[in-house]
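Asker: These protein sequence lines are chains A and B, in that order.
All residue numbers for the first sequence refer to my numbering, where the first residue is 3 and numbers rise by one.
All residue numbers for the second sequence refer to my numbering, where the first residue is -15 and numbers rise by one.
Every residue, glycine too, gets a C-beta built ideally from N, C-alpha and C.
Note that the coordinates shown come from a computational prediction; the quantities given were computed from them, not determined experimentally.
Structure provided below as C-alpha cells; questions to follow.
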Amino acid sequence: MSTPQQPLARRDDNAVADTPAMIPLVDVTEDEAGITLVADLPGANRDTLSLNVDGDTLTIEAPLALGELSDLQPLYAEVRSGRYRRSFTLSRELDSSRIDATLRDGVLTLRLPKLEQARPRRIDVRTA
Amino acid sequence: MASSYLRFPGDLFADFDDLHRQLDRLLGSRTANSSIRAVQRGTFPAVNVGVTPEAVDIFAFAPGIDPGKLDVTIDKGLLTISGERIAAAPEAGAKVNVYARERSAGSFRRVVSLPEDADPDRVSADYRDGVLRIQVQKREASRPRRIEVKDAR
C-alpha cells in the first residue's frame, strides 16, 4: 500500500478547483427520438451537480462529496481528485432546451431529445 | 453527424492516457498509478482507504447498484466487496445505435486487506450516492490513549 500525500477528497473549494478533474465514464446511445447519456458519478449529489449547455457544448461537472471526513488520514487512494468534469459537443438536431436529467445512486441519466423536425417520420398514404 | 457527438476537446488526451496505461500494464511497469487521471479503467469499483484514530474507512466507488445486492464480508483481516451491476439492455427490436460503452457491467469483486488493529466485529456499511462506505472500528486496545500521571506525593 502506498501512502499518497493527497487528501482522500479535498474539502477546500479552492483546492478542488486546482485538482485535475476525473473524467466520468459514460454510455451513449441513440434512438429515433433522441440520445441517452448515462454517466457514472459516484459521490456526486443532486445539489452540487452542474449541467451546463453553452452554445453547443454540454458540460457535466460535479464535486465529489463523501460526507464527514474530518481527521481521516488517507492510506490508499485510487480516486485522487475531488471532482468530475466532462464536456460533449451537441449536434444541431438536439433540443438543448428540453434535456431531462436524473441522478440516482451516483448514476446520471441524461435524455437529449431531438428537435421535432429532425425525427424520422412515417407518412401515411391515404387511399383516395 | 453521430460521431461528431463524441469528438470533444480533451478526448485525444484521454485516449493517450488510456494507451499509456495499457502499455504500462503490458510492460509490467506500475508507474501508471501516478497518472493524474485517477479513474483506472477495468478496476471496478475504485477503492479508497483512510484511517482515523478510531476506525478504518473504506470507500468503494460503485455507482448504480442496488444496495441489497452488495455483499460485504470480512474474513481473516480481508474485506471483500462483491456484487453485480446490471447493464441496461436496450429493448429488443428498438433501433438503437451505441456510441460509447465505457461503463462496466457484470459481477465484480474487490479485496482490501485491513490493518491488524481493525475489529471485524464492529463494522458498519452504508451506500449513498453510489459510494459504499465501510467503517471498521479499531480495537479498543490499539486506540491512542492518554495516560494520566498521578500525583503520588
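Flag this pair as yes or no: are the beta carbons of A:L43 and A:L92 separated by less than 8 Å?
Answerer: Not in contact: A:L43 and A:L92 (Cβ atoms no closer than 8 Å).
Asker: Using a Cβ cut-off of 7 Å, pull out every chain A residue sitting near B:F43, in sequence order please.
Answerer: The answer, in chain order, is L68.
Asker: Could you check how far apart the C-beta atoms of B:G140 and A:P76 are, in whole angstroms? I think they sit under 8 Å.
Answerer: Past the edges of chain B, shown from -15 to 137, lies residue 140 of chain B, and the structure says nothing about it.
Asker: Can you tell which of A:V30, A:Y86, A:R121 and A:E118 has its C-alpha closest to the C-alpha of A:P2?
Answerer: This structure cannot speak to residue 2 of chain A, because chain A is shown only from 3 to 130.
Asker: Could you tell me which residues DSSP puts in a beta bridge with B:V120?
Answerer: B:V40 and B:V107, per the DSSP bridge assignment.
Asker: Check whether the Cβ atoms of B:I140 and B:A89 lie closer than 8 Å to each other.
Answerer: Here chain B has residues from -15 to 137 only, and residue 140 of chain B is not among them.
Asker: Look up A:R87 in the DSSP assignment and say whether it is helix, strand or coil.
Answerer: In the structure shown, A:R87 sits in a strand (DSSP, three-state: E or B).
Asker: Any idea which residues DSSP pairs B:A84 with across the strands?
Answerer: Paired residue(s): A:V30.
Asker: Are the beta-carbon atoms belonging to B:V40 and B:P128 less than 8 Å from one another?
Answerer: Taking 8 Å as the Cβ cut-off, B:V40 and B:P128 do not qualify as a contacting pair.
Asker: If you measure between the beta carbons of A:T31 and A:R113, is that distance less than 8 Å?
Answerer: Not closer than 8 Å, so no.
Asker: Could you check whether the Cβ of A:N47 sits closer than 8 Å to any Cβ belonging to chain B?
Answerer: Yes, contact with chain B.
Asker: When you compare the CB of A:R121 with every CB in chain B, is at least one pair closer than 8 Å?
Answerer: For A:R121, the answer is no, since every Cβ of chain B falls outside 8 Å of its Cβ.
Asker: Can you check whether the C-beta of A:V109 is within less than 8 Å of a C-beta belonging to chain B?
Answerer: True, the Cβ-Cβ gap to chain B drops below 8 Å.
Asker: Going by DSSP, what residues sit across from A:D42 in a beta bridge?
Answerer: Paired residue(s): A:V109.
Asker: So A:T50 packs on A:S89, CB below 8 Å; how close in whole Å?
Answerer: Not really, about 18 Å apart at Cβ, beyond 8 Å.
Asker: Sort B:R137, B:D135 and B:S108 by Cα distance to B:F43 and report the nearest one.
Answerer: Among B:R137, B:D135 and B:S108, the Cα nearest to that of B:F43 is on B:S108.
Asker: According to DSSP, is B:K79 helix, strand or coil?
Answerer: Coil.
Asker: What does B:V35 pair with, by DSSP beta-bridge criteria?
Answerer: Note: B:V35 sits in a beta bridge opposite A:Q75 and B:V40.
Asker: Run through DSSP, which three-state label would B:N100 get?
Answerer: Residue identity check: residue 100 of chain B is Glu in the sequence provided, not Asn. In this structure, B:E100 counts as coil in the three-state DSSP scheme.
Asker: Under the three-state reduction of DSSP, which class applies to A:A120: helix, strand or coil?
Answerer: Note: A:A120 maps to helix in three-state DSSP.
Asker: Can you find a CB in chain A that lies within less than 8 Å of the CB of B:I138?
Answerer: This structure cannot settle anything about residue 138 of chain B, because the visible part of chain B is limited to -15 through 137.
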